[in-house]
Structures are given as C-alpha cells and as structure tokens.
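Residue numbers (this note's numbering): 3 to 213.
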C-alpha cells in the first residue's frame, strides 16, 4: 500500500469505521485504474482536503465526505453516465455498511451535483462538494498546467481538432458563469485565479496545436 493510499484509507476509516476497511479499500482502488490520468487518488485526496478547508460552510459533513470518496469512483471516458453509476455504487456500498438511509440519499444527491457543479443557492453542502471538486481550476499555474495535460491524456483517443473544440466549449461555459465557486471561502481562495487559468488555457488552445 502506498503512503497516499494509506492516508486515504485512514480518512475512510475515520468516516466509516474500521469494519468498513474492505469497502474503503475497494473504492480507493477505483481511483487507481490504469486509464485514469487526472481522476486519480491524487484528485480524491485534493477534494477531501478542500472539503476540510470548507467544512465551516457544511451542514452534513459526513454525507459530503462520503460523496467525495465516491464522486468519481466510476470513470469511463467514453460514457456520459459516470456520476449516475458512481452514485449507484455509493448507495449500494453505504447501505451494505448500515449507513442511515437519509445519509445515503444525500450522498446520492450530492454526487449527482458534480455533473454540472451548479448547486442551488441555498444548498450549502452541494456548494462545499462542488467547490472542492472544481478547486483545481484555481490552482497555481504549474499545477493547473499539469491538470490540463492530464485531462488531455484521458481523452487521448479524441483527435486533436475535436479535442480543441470540445475543450474550448467546456472552458467557455465555465468562464460565462457569474460565479464559479459557491462558498465564500471558495470564492475568496479560487475564483480570481481560476478565471485567469481558464482564460490562459483558452488562449493556448487558440494559438497552439493540440497534441
């Protein structure tokens, strides 16, 4: 077991208990699938850490953390239902552990929000999870560049020009939002840097060939 896996498993056991170790090991293993380049254990750790930083805005931190563990548990680049399948996996696994049905339902709902990252204004828990998932957009220049390369690597089957067009559309949808981050802390920490990063990547896509 790597040091990172051990850290994640420790977090899982604090959340779900030591008796749930096998379930935690299984979900962490999902993020080690060989086709992943961005949606990996490093992304999972990053999301969990940002959830910690935003925890003062949370109502049901237990549900948010379960949702963070499972939000990308199923990730197949060529499919469009990964979040739905991840939510079903979470529901089955957490129910088998005896997690309260209302918590399981909330976990499923939260995972569904990571499709579009547009929680309702009053949805503080949705805001925490979505901000944590998008925090990479507000990373430093080097880390953002690594993220962009990793996303391209996951879509390496897409021809360069089609990727450029698709990625440009995604970036523009983000830039056109009035706000990217819904928590006060998230906006303060990530919003300005995220907009700079998105604009820079858009410029690069216009002037540089996509590998």
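For glycine and all other residues, C-beta sits at the position ideal for the given N, C-alpha and C. Keep in mind the model is a prediction, meaning the values are calculated, not measured.
- prompt: Grouping DSSP H, G and I as helix and E and B as strand, with all else coil, what is residue 133?
  reply: helix
task: Starting from the C-beta of residue 200, find all residues in its chain whose C-beta is less than 7 Å away, skip the five residues before and the five after it, and write them out in chain order.
output: 139, 173, 176 and 177
field: Assigned secondary structure, residue 99 (DSSP; H/G/I helix, E/B strand, else coil)
entry: coil
- prompt: Given that a residue counts as buried once 16 or more other Cβ atoms are within 10 Å of its Cβ, and exposed if not, what is residue 206?
  reply: exposed
field: Length at least 4, wholly inside the stretch 125 to 207: the alpha helix (DSSP H) runs in chain order
entry: 126 to 136, 143 to 156 and 162 to 177
query: Between the Cα of residue 190 and the Cα atoms of 56, 27, 158 and 69, which residue gives the shortest distance?
result: 56
- prompt: Rounded C-beta distance between residue 70 and residue 134? I'm assuming under 8 Å.
  reply: 7 Å
message: Given this structure, state the Cα-to-Cα distance separating residue 166 from residue 212, to the nearest angstrom.
response: 7 Å
- request: Go ahead and label residue 26 buried or exposed: buried means 16 or more other beta carbons lie within 10 angstroms of its beta carbon, across all protein chains shown.
  value: buried
query: How many Å lie between residue 146 and residue 95 at the Cα?
result: 33 Å
query: Ends of the alpha helix (DSSP H) at residue 26?
result: 23 to 32
- prompt: Cβ atoms of residue 119 and residue 77: under 9 Å apart, would you say?
  reply: no
- prompt: How big is the Cα-Cα spacing for residue 143 and residue 53?
  reply: 22 Å
- prompt: So, is residue 128 buried or exposed, given that buried needs 16 or more other C-beta atoms within 10 angstroms?
  reply: buried
- prompt: Is there contact between the stretch 152 to 162 and the stretch 99 to 111, where contact requires at least three CB pairs shorter than 8 Å?
  reply: no
query: In its own chain, which residues sit with a C-beta less than 7 Å from the C-beta of residue 169, not counting the 5 before and 5 after it?
result: 207
message: Less than 9 Å between the beta carbons of residue 99 and residue 18, yes or no?
response: yes
task: Determine contact between the stretch 59 to 67 and the stretch 80 to 89, defined as no fewer than three beta-carbon pairs at a distance below 8 Å.
output: no
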